[in-house]
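Chains as they are written, first to last, in my numbering: chain G, 1 to 447; chain A, 448 to 894. Cβ coordinates follow ideal geometry from the N, Cα and C atoms, glycine included. This structure is a prediction, so every number in the text was calculated from the model and none was measured. Data first, discussion second: the structure below is written as structure tokens.
Written out as structure tokens, the structure is:
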């Protein structure tokens, strides 16, 4: 986690520097630290209670397969919610005293109710904030239900979309922007500068609230990876916010302040969870945390108006999903678990394999497997010229194919570093490409 | 449940009659019926899953103490949340199309962003609605945590107040009224017509969010009572709302419409739960439901501006709490369970007793116990002139002392009828007293 030791203080300094205009971010940072403390204090104390009610799992990649508490990420999620609720009075305090004569008296509005503008208080901001917390809380409830009851895919797949309703209503009412810019080189050709996607845009946002939670949930299986990738994503989002809040135009501040306010406490409760979930894990995070983490980014991307940039940060998750598709859709047999195989003798992880002898891959897909093998995107095992097995198609196994067997913590770090590098590249590319494709980029004040 | 068969259709007719001006109430009724169907369908299907993860309990008041699923009220609560989320677009639809040219286009605000009034959409109403759902959802999370982990009192006691923060912020911003009227006969004497309670009023509201959930949780222990009392409270609240929406001044409509919108779906998901929880119970409701139910009334009372009337409907719960105080605070020994005692021979419930021989009551309290005994508010058992036991101080046992041993369902009905009668009296008294004490009552348009 060497990267984080440098990046976290850097981001913090950056944020504090720009917090004069952005005092809400400062409040949020304060509460974030409180959240770190509370989560870090709570996790070791609730572990036994989790085991007692049956929330535990075996760590398959350790000698002796020790039993440790499962679903402990729910603690991070709950602390996050409490913090966000406690934050509300502080966030909106300045508006609350402006509309009165101060000192807790509301005499103005009582004496002259008709003369005080009703919309003094930023109700739209409050709605935005409340709808975000509501959406996250619904996601957490769904996660808890999944952790407890092991819901079936078809039951839980669309539920995040219901939780996202308040979010979409607020988006519709406050912004309602469903236009996407057409790249400069196509503008002359198409004779338009924007395309109105209309309801398709809402469909896209709903898809995002379904994709983000699930994509974190499937890039999982080794100690620290679920939390680690969420931490990397948070840092990347904060770097992007920091860029806008320092270099960007003031019209973009509101959105990125909102993003920073939501992501900062998330980063810190996740760091506390990482302390206990990193190799060798003392707790598992569970589905609750994965859904919750994914939804934080979906919410921030949607209401912060950078859902497309956010999706670029999810590139490793997207690639992991696309890479998994042949197994998820049954073109290649998919074993129940696709975790890397733990070798007790050397303590290293090896790519796990799908047996293609018992149930062979679909015939038309075999050549594609061979091409992937040729490009080292998969490892096939041959016996007398026939394919007998292939490595499971997950990013985790792919990294093992590329870099060879390694210890669990090294593997996790390699994936996180990859995610971080891809994310930084995505941020750079997004602002460079913005300039190239659209003739301007919304980060720079002076064109 | 004969009472309900008459009252429910009556209330429904009343509400539909006045729903021309109150179309949101109509939407809410529609979704409420959907909620009834969904809850009623789900409960028998999830019972086994609850038992499988350890959520079950023994029904102590049945021969053989059968094991049935516990915490099933969480299903009602979850369905309620889903309904309230699904409801949002319908509730606010008319505002959403007003601000645009219709057809899903938001061209007006895109073409002339500066000319469209920013506060066209009732963001304050949306905040109100979102904060209510958020508060309820937090309460449900707390309830689930309690059902799963059996939280200690000192841990869970203040948590509902954190969930109520969004509610209080919205109250502060939207109304901020902390004045209470001084009764007419005291106005001349005190020379003021209102008293500003200031922060005390917020303290009072916080207390209400703590009291309501807990008070339903402690008036419990026999089949159907938790849900039954919530149903009675809902009906009473709806009768009160119906009075305002038909006879009342149009300035009060907004508040009572809001109340009806929240209570109607609650009533119907509770009715579905009652089907399965009424004697002989096939499921237990659990703490989740009790907290959730209590919070619905606290939310409605606070944001509907009739928290004092609401508290009058809670009179049986308040009396039950006050009556319990000597045992809760250790003046009289309090056994672990204070459920009525089930006699397997005649199948009837008898008042349960606290043994005063092993641990006697505090000496100064003995005379009070004897006075209570004299007024038939408790039943003491004497042996050679000394008190050897007394009936446990709960409303349930008190009713058994008054009416003699009876079957569980009769007992439940007796308590519910008592609650209903007290509630109706409270509503009548509130509007009669309003006129006597303050010279006018806010129900009547013409003074």
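Margin query: As a quick exercise: from 848(A), 701(A), 870(A) and 721(A), pick the residue whose alpha carbon is nearest that of residue 472(A).
Written below: To locate residue 472(A), count along the second chain from 1; it is residue 25. With respect to the C-alpha of residue 472(A), the residue from 848(A), 701(A), 870(A) and 721(A) having the closest C-alpha is 701(A).
Item checked: Identity of the residues DSSP links to residue 68(G) by a beta bridge -> As a position in the first chain, residue 68(G) is number 68, starting the count at 1. DSSP, once it has assigned bridges, lists 57(G) as partnering residue 68(G).
Checklist line | Neighbour-count burial assignment, residue 369(G), 16 or more Cβ in a 10 Å radius | finding: Position 369 of the first chain holds residue 369(G). Buried, since its Cβ has 16 or more Cβ neighbours within 10 Å.
Next item on the list: Establish whether the CB of residue 149(G) and some CB of chain A are separated by less than 8 Å.
Entry: Taking the first chain and counting its residues from 1, one reaches residue 149(G) at position 149. Put simply, the CB of residue 149(G) is near chain A, with a gap under 8 Å to one of its CB atoms.
Next item on the list: Specify the secondary structure class of residue 406(G) as computed by DSSP and reduced to three states.
Entry: By 1-based counting over the first chain, the position of residue 406(G) is 406. Three-state result, residue 406(G): strand.
Notebook entry, point to check: Mind checking if residue 101(G) is an interface residue toward chain A, Cβ cutoff 8 Å exclusive?
Noted result: What you label residue 101(G) is simply residue 101 of the first chain in a count that begins at 1. At residue 101(G) the pLDDT is 41, less than 50, meaning the model places this residue with poor confidence and gives no usable figure here.
Next item on the list: May I ask which residues mark the beginning and end of the beta strand (DSSP E) holding residue 383(G)?
Entry: Locating residue 383(G) in the first chain gives position 383, counting from the first residue. Residue 383(G): member of the beta strand (DSSP E) spanning 380-383, first to last residue.
Next item on the list: Using a Cβ cut-off of 8 Å (strictly closer), state whether residue 609(A) contacts chain G.
Entry: Translated into the one-based positions of the second chain, residue 609(A) becomes position 162. With 8 Å as the cut-off, residue 609(A) counts as an interface residue toward chain G.
Note to self: Can you tell me which residues form a DSSP beta bridge with residue 802(A)?
What the structure shows: Position 355 of the second chain, counted from the start, is the residue given in the question as residue 802(A). Beta-bridge pairing links residue 802(A) to 836(A).
Notebook entry, point to check: So does the region 219-226 of chain G actually touch the region 404-424 of chain G, counting three or more Cβ pairs closer than 8 Å?
Noted result: yes
Check: Taking only runs of the beta strand (DSSP E) that begin and end inside the region 176-247 of chain G, which ones reach a length of at least 3 residues, in chain order?
Finding: 179-181 and 194-196
Notebook entry, point to check: Are at least three pairs of beta-carbons, each pair with one atom in the region 804-813 of chain A and one in the region 864-883 of chain A, less than 8 Å apart?
Noted result: no
Next item on the list: Would you tell me roughly how many angstroms separate the C-alpha atoms of residue 321(G) and residue 643(A), rounded to the nearest one?
Entry: Your numbering for residue 321(G) matches position 321 in the first chain. Your numbering for residue 643(A) matches position 196 in the second chain. So the two alpha carbons sit approximately 60 Å from each other.
Next item on the list: Let me know the alpha helix (DSSP H) ranges lying completely inside the region 277-327 of chain G, each 4 residues or longer, listed in chain order.
Entry: 286-303 and 307-313
Notebook entry, point to check: Per DSSP, residue 788(A) forms a beta bridge with which residues?
Noted result: On the second chain, residue 788(A) is found 341 positions in, with the first residue counted as 1. For residue 788(A), DSSP records a beta bridge to 797(A).
Check: Can you give the Cα-Cα distance for residue 114(G) and residue 623(A), rounded to whole angstroms?
Finding: Here residue 114(G) is taken as the residue at index 114 of the first chain, counted from 1. Here residue 623(A) is taken as the residue at index 176 of the second chain, counted from 1. Per-residue confidence for residue 114(G) stands at a pLDDT of 40, beneath the threshold of 50, marking its modelled position as unreliable; no derived number is given.
Notebook entry, point to check: Is the CB of residue 127(G) under 8 Å away from at least one CB in chain A?
Noted result: As a position in the first chain, residue 127(G) is number 127, starting the count at 1. Judged by the 8 Å Cβ criterion, residue 127(G) is in contact with chain A.
Next item on the list: Find the nearest neighbour of residue 501(A) within the set 628(A), 580(A) and 594(A), judged by alpha-carbon distance.
Entry: Counting from one through the second chain, the residue named residue 501(A) turns up at place 54. Closest by alpha carbon: 594(A).
Next item on the list: Specify the secondary structure class of residue 89(G) as computed by DSSP and reduced to three states.
Entry: The count along the first chain starts at 1 and reaches residue 89(G) at position 89. Collapsing the DSSP output to three states places residue 89(G) in a helix.
Next item on the list: Closer than 7 Å by C-beta to residue 734(A): which residues in its own chain qualify, once you throw out the five before and the five after it? Chain order, please.
Entry: If you number the second chain from 1, residue 734(A) lands on position 287. The residues are 590, 593, 594 and 664.
Next item on the list: Return no unless some Cβ of chain G is closer than 8 Å to the Cβ of residue 585(A).
Entry: By one-based count along the second chain, residue 585(A) stands at place 138. Taking Cβ atoms only, chain G reaches closer than 8 Å to residue 585(A), which makes this a yes.
Check: If residue 92(G) sits next to residue 134(G), beta carbons under 8 Å apart, how far is it from one beta carbon to the other, in whole angstroms?
Finding: Position 92 of the first chain, counted from the first residue, corresponds to residue 92(G). Position 134 of the first chain, counted from the first residue, corresponds to residue 134(G). That pair is no contact at about 16 Å.
Item checked: Residues that residue 593(A) contacts on chain G, provided the C-beta gap is smaller than 8 Å -> Numbered from its first residue, the second chain carries residue 593(A) at position 146. By Cβ distance, chain G contributes nothing, its closest Cβ being about 12 Å from residue 593(A), past 8 Å.
Next item on the list: Please report how far the alpha carbon of residue 284(G) lies from the alpha carbon of residue 157(G), in whole angstroms.
Entry: Taking the first residue of the first chain as position 1, residue 284(G) is located at position 284. Taking the first residue of the first chain as position 1, residue 157(G) is located at position 157. Each residue's alpha carbon lies about 22 Å from the other.
Item checked: Exposed unless 16 or more other CB atoms sit within 10 angstroms - verdict on residue 398(A) -> Summary: the structure shown does not reach residue 398(A), with chain A confined to residues 448 through 894, and so no result is reported for it.
Next item on the list: Could you tell me which chain G residues have their CB closer than 8 Å to the CB of residue 535(A), listed as they occur along the chain?
Entry: Stepping through the second chain from its first residue, residue 535(A) is reached at position 88. The contacting residues are 165, 166 and 169.
Notebook entry, point to check: Using a beta-carbon distance cut-off of less than 8 Å, what residues from the region 773-792 of chain A approach chain G?
Noted result: none
Margin query: List, in chain order, every chain G residue whose beta-carbon is nearer than 8 Å to that of residue 501(A).
Written below: To locate residue 501(A), count along the second chain from 1; it is residue 54. Those within 8 Å of residue 501(A) in chain G are 53 and 54.
Note to self: Tell me the DSSP secondary structure of residue 150(G) in three-state form.
What the structure shows: For this step, residue 150(G) is matched to residue 150 along the first chain. Residue 150(G): coil per DSSP, three-state reduction.
Check: What residues from chain A crowd round residue 133(G), counting only those whose CB sits closer than 7 Å?
Finding: Taking the first chain and counting its residues from 1, one reaches residue 133(G) at position 133. The answer, in chain order, is 581.
Next item on the list: May I have the straight-line CA-CA distance separating residue 45(G) from residue 207(G), to the nearest angstrom?
Entry: Taking the first residue of the first chain as position 1, residue 45(G) is located at position 45. Taking the first residue of the first chain as position 1, residue 207(G) is located at position 207. Rounded to the nearest whole angstrom, the CA to CA distance from residue 45(G) to residue 207(G) is 37 Å.
Note to self: When you compare the CB positions of residue 842(A) and residue 766(A), do they come within less than 8 Å of one another, or not?
What the structure shows: As a working mapping, residue 842(A) is identified with position 395 in the second chain. As a working mapping, residue 766(A) is identified with position 319 in the second chain. Cβ atoms of residue 842(A) and residue 766(A): closer than 8 Å.
Next item on the list: Name the two residues that bound the continuous alpha helix (DSSP H) containing residue 46(G).
Entry: As a first step, residue 46(G) is located in the first chain; it is residue number 46 there, counting from the start. In the DSSP assignment, residue 46(G) falls within the alpha helix (DSSP H) that extends over 23-52.
Item checked: Neighbourhood of residue 776(A) by C-beta distance below 7 Å, restricted to the same chain and skipping five residues each side -> What you label residue 776(A) is simply residue 329 of the second chain in a count that begins at 1. Closer than 7 Å at Cβ, skipping near neighbours: no residue.
Check: In or out: residue 794(A) buried (at least 16 other Cβ within 10 Å) or exposed?
Finding: Position 347 of the second chain holds residue 794(A). Flag for residue 794(A) reads exposed.
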